[in-house]
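In the numbering used here, the protein residues as written are 111 to 190.
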Amino acid sequence: GTKEVHDFGKGMMPGEFVFVPKHADSAEDDGWLVGFVVDTNKKSTDFVILDTRNFAGAPQATITIPLQIPPGFHGNFVAM
111 GTKEVHDFGK GMMPGEFVFV PKHADSAEDD GWLVGFVVDT NKKSTDFVIL
161 DTRNFAGAPQ ATITIPLQIP PGFHGNFVAM
């Protein structure tokens, strides 16, 4: 197997990420990983969306939340 790492940068603390498939019948590596990353430098939190097929690349989207969400906050994705 191979190992891939996404570097969020200095002072960034990623939490638990959740897999979201692109389609109901997608392969286990065809989708996005979504999760919170605490920025200890700015005392804020980013909600980050990573493409599983370009894991080490730039995020697909980053939404900055002007608060620090405590480590351990997590969720689940359920297709409707």
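We treat Cβ as the ideally placed atom computed from N, Cα and C, and that holds for glycine.
Q178 and S136 have their alpha carbons spaced roughly 33 Å apart. Per DSSP, reduced to three states, the secondary structure at T155 is strand. Excluding the 5 residues flanking it on each side, T174 has same chain C-beta neighbours closer than 7 Å at S154, D156, in chain order.
Contact annotation: G145 and P181 have beta-carbon atoms that are not nearer than 8 Å. Relative to the Cα of T172, the nearest Cα in the group H116, V147, E138 belongs to V147.
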